[in-house]
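S.K.: Numbering (the numbering used here), first residue to last: 25 to 360. A virtual CB, placed ideally from N, CA and C, is assigned to each residue, including glycine.
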Amino acid sequence: MKPELTKLFAHLKKDYKIIAPVKKTRGIFLSRINDPKKVCFSAELTKNTFKEFLFPKKQTLFNFQGDKLIEPANSSYPKQAIFGISIIDLRALLVYEQVFRHDPYYQNYRNNSLIIGYLSLASTDQTFGIFEERLEEDTLEHLEFDVFALATPAGIHFFSGSSKGRQALIGAGIENFENIEYVGPVRESGLDPLMMANYKKVKNSFERHRLVWEELGRRCLACGKCSLVCPTCFCFASDQVFGQTKRTGRKTRRWDTCFYSEFSRVAGGHKFLDTIAKRIYFWYEHKFVRIPDEFSIPGCVGCGRCIAVCPVAIDLRQTLKDLAQPPKTMKQLVKK
Ligand code: SF4
Ligand code: SF4
Numbered sequence: 025m026k027p028e029l030t031k032l033f034a035h036l037k038k039d040y041k042i043i044a045p046v047k048k049t050r051g052i053f054l055s056r057i058n059d060p061k062k063v064c065f066s067a068e069l070t071k072n073t074f075k076e077f078l079f080p081k082k083q084t085l086f087n088f089q090g091d092k093l094i095e096p097a098n099s100s101y102p103k104q105a106i107f108g109i110s111i112i113d114l115r116a117l118l119v120y121e122q123v124f125r126h127d128p129y130y131q132n133y134r135n136n137s138l139i140i141g142y143l144s145l146a147s148t149d150q151t152f153g154i155f156e157e158r159l160e161e162d163t164l165e166h167l168e169f170d171v172f173a174l175a176t177p178a179g180i181h182f183f184s185g186s187s188k189g190r191q192a193l194i195g196a197g198i199e200n201f202e203n204i205e206y207v208g209p210v211r212e213s214g215l216d217p218l219m220m221a222n223y224k225k226v227k228n229s230f231e232r233h234r235l236v237w238e239e240l241g242r243r244c245l246a247c248g249k250c251s252l253v254c255p256t257c258f259c260f261a262s263d264q265v266f267g268q269t270k271r272t273g274r275k276t277r278r279w280d281t282c283f284y285s286e287f288s289r290v291a292g293g294h295k296f297l298d299t300i301a302k303r304i305y306f307w308y309e310h311k312f313v314r315i316p317d318e319f320s321i322p323g324c325v326g327c328g329r330c331i332a333v334c335p336v337a338i339d340l341r342q343t344l345k346d347l348a349q350p351p352k353t354m355k356q357l358v359k360k
């Protein structure tokens, strides 16, 4: 292992649980480690992402007894150092940082976590994701992280992105690092041109490209796998679990996805998204239209995980290409 990272891990282990990429039979996964020798430094995209560590699949928000709310103690939020987050996943983290900016439960996880980005220039692939974006001079200024480690042939170059990150580096005896000041998610050159191009393709396309969406609706199994692996999907459902009486119990939340048929059910039983075609359009619209509208950042970072897991080979690159074409007939689409 690189000596600078050995120092960092040895220091972090005193205060944090360490989560890092580990090679397993089915790929590289972010996993809890006790032995830093297990860390995989290939800088390939991990199968899972930061999201399960900052926004657990299921969590208790609070307990209640009559009118009294009992919040979980701060100690129930783990102190965790999440190492090995790629540039592309740091872009996805920006979505969480915007959406959950005022969500105390997310913030409790985030405040107890040290986010450590990682990129290896020795890696054969220095492009990121399916939209082929590269590391540029100002990339780090537009990302939120605590520490970033750039592996170069000459050794590790460290960057700090927060005071927590600076403290961790100094505590580990690493004094040679660069401070990066976060200046917001949007570059000086303006809105991401690729985001805007995809925005135009998807916006209001349900009627215009009805056959594209109907064909996708016919193929899609509504299994939700794409959404569960997606580092920018953040929808959840809340439940109230009652104790022996209705005056005691707990409020929980769990991951949910707009692909599930119950997702859009409202009081009275009506479902707004009553076909799979509507649900898949809603998913694309959320990523390519509503998130850019609300936060000026892409809701899809192009990691390709949704493509890798889809059992019926639905590929958003193809969908975006189809939406860029003049509307097609059903016959043309089926022949493809
Ligand atoms: S490529 Fe797929 S999984 Fe990755 S961010 Fe975009 S929608 Fe999500
Ligand atoms: S993984 Fe594929 S089949 Fe499953 S919900 Fe997503 S698009 Fe549909």
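Is ARG18 helix, strand or coil when you go by DSSP?
M.R.: Lying before the first or after the last residue shown, residue 18 is absent from the chain, which here runs from 25 to 360.
S.K.: Taking ALA348 as the reference, which of ALA178, GLU95, VAL123, ASN228 has the closest Cα?
M.R.: When only C-alpha atoms are compared, the closest one is ASN228.
S.K.: Residues around ligand 2, please: the ones whose beta-carbon is closer than 6 Å to some heavy atom of it, in chain order.
M.R.: CYS244, LEU245, ALA246, CYS247, GLY248, LYS249, CYS250, PHE283, VAL333, CYS334, PRO335, VAL336, ILE338
S.K.: Hey, is the region 274-285 in contact with the region 170-185, meaning 3+ C-beta pairs nearer than 8 Å?
M.R.: Judged by Cβ distances under 8 Å, the region 274-285 makes no contact with the region 170-185, as fewer than three pairs qualify.
S.K.: Counting beta carbon pairs with one atom in the region 97-104 and one in the region 131-147, are three or more of them shorter than 8 Å?
M.R.: yes
S.K.: Taking the alpha carbon of LEU340 as the reference point, which residue from GLU318, TYR308, PRO128, ILE321 has its own alpha carbon closest?
M.R.: Checked all of GLU318, TYR308, PRO128, ILE321; the closest Cα to LEU340 is TYR308.
S.K.: Nearest to VAL336 by CA position, among LYS249, ASN58, ALA261, is which residue?
M.R.: LYS249
S.K.: Classify ASN222: buried if its beta carbon has 16 or more other beta carbons within 10 angstroms, exposed otherwise.
M.R.: buried
S.K.: Is it the case that the CB of VAL253 approaches a heavy atom of ligand 1 more closely than 7 Å?
M.R.: yes
S.K.: Check whether the Cβ of VAL325 sits closer than 7 Å to any heavy atom of ligand 1, and report yes or no.
M.R.: yes
S.K.: To the nearest angstrom, report how far apart PRO27 and PHE65 are at their CA atoms.
M.R.: Approximately 13 Å between the Cα atoms of the pair.
S.K.: Please give the ranges of any alpha helix (DSSP H) in the region 67-146, keeping only runs that are unbroken, at least 4 residues long and fully inside the region.
M.R.: Fully enclosed alpha helix (DSSP H) runs of 4 or longer: 75-78, 111-123, 128-135.
S.K.: Give the DSSP bridge partners of ASP263, in chain order.
M.R.: THR276
S.K.: Helix, strand or coil: which one does DSSP assign to ILE338?
M.R.: coil
S.K.: Nearer than 7 Å: is that true of the beta carbon of ALA221 relative to any heavy atom of ligand 1?
M.R.: no
S.K.: Would you say the beta carbon of ARG314 is closer than 7 Å to some non-hydrogen atom of ligand 1?
M.R.: no
S.K.: I'd like to know whether the C-beta atoms of ASP170 and GLY189 end up nearer to each other than 8 Å.
M.R.: In this structure, ASP170 lies near GLY189, with their beta-carbon atoms less than 8 Å apart.
S.K.: Identify whether PHE182 lies in helix, strand or coil by the three-state DSSP scheme.
M.R.: strand
S.K.: State the Cα-Cα distance for the pair PHE312 and ASP162, rounded to the nearest angstrom.
M.R.: 24 Å
S.K.: Run the CB neighbour count on VAL253, radius 10 Å, all protein chains shown included, and call it buried at 16 or more, exposed below.
M.R.: buried
S.K.: So, for GLY197: in the same chain, excluding its five sequence neighbours on each side, which residues have a beta-carbon less than 7 Å away from its beta-carbon?
M.R.: LYS31
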